[in-house]
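These notes are about the structure you will find just below.
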Amino acid sequence: MFLKVKVQIFISKKIQGSMAAKKMDALEECLEVEIEQLKSKILDLQTQVSDLKKDVSAIHDKFELKFFIMDRAANELSRAKYVSVHVCAHLISACSSLVHFCSSFIVCVHVRFI
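If you want it as structure tokens, here you go:
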């Protein structure tokens, strides 16, 4: 009887061990599937990050170009102001010379008639 109980316990442990092994195999397969899905998600995220980096780089390049254009425009505006001031100064000088010439001419004509 004692031997029969020992054999039953042994068989019971073997069956439990076999069931546990099957459960472990099933869990291992599930984990492998989960790992593959996570790897796929990681690759997708890496692709998205790479695309975002390209987008950020393109935006950065556009801003650099805009700042370059704005800087050039500011330089051109500054140069235009300088030229405008110079032209105005020459016009004022020319007007002054013209007024001086006209006043001299009027004085000459006035003196001549007197």
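Reminder that position 33 of the sequence shown reads as 33 in this note's numbering, one-by-one numbering, no gaps.
Ideal Cβ positions, reconstructed from N, Cα and C, are used throughout, including at glycine.
- Rounded to whole angstroms, residue 33 and residue 26 show a C-alpha spacing of 11 Å.
- Residue 71 and residue 52 have their C-alpha atoms roughly 28 Å apart.
- Take the alpha-carbon of residue 92 and the one of residue 64: they are about 42 Å apart.
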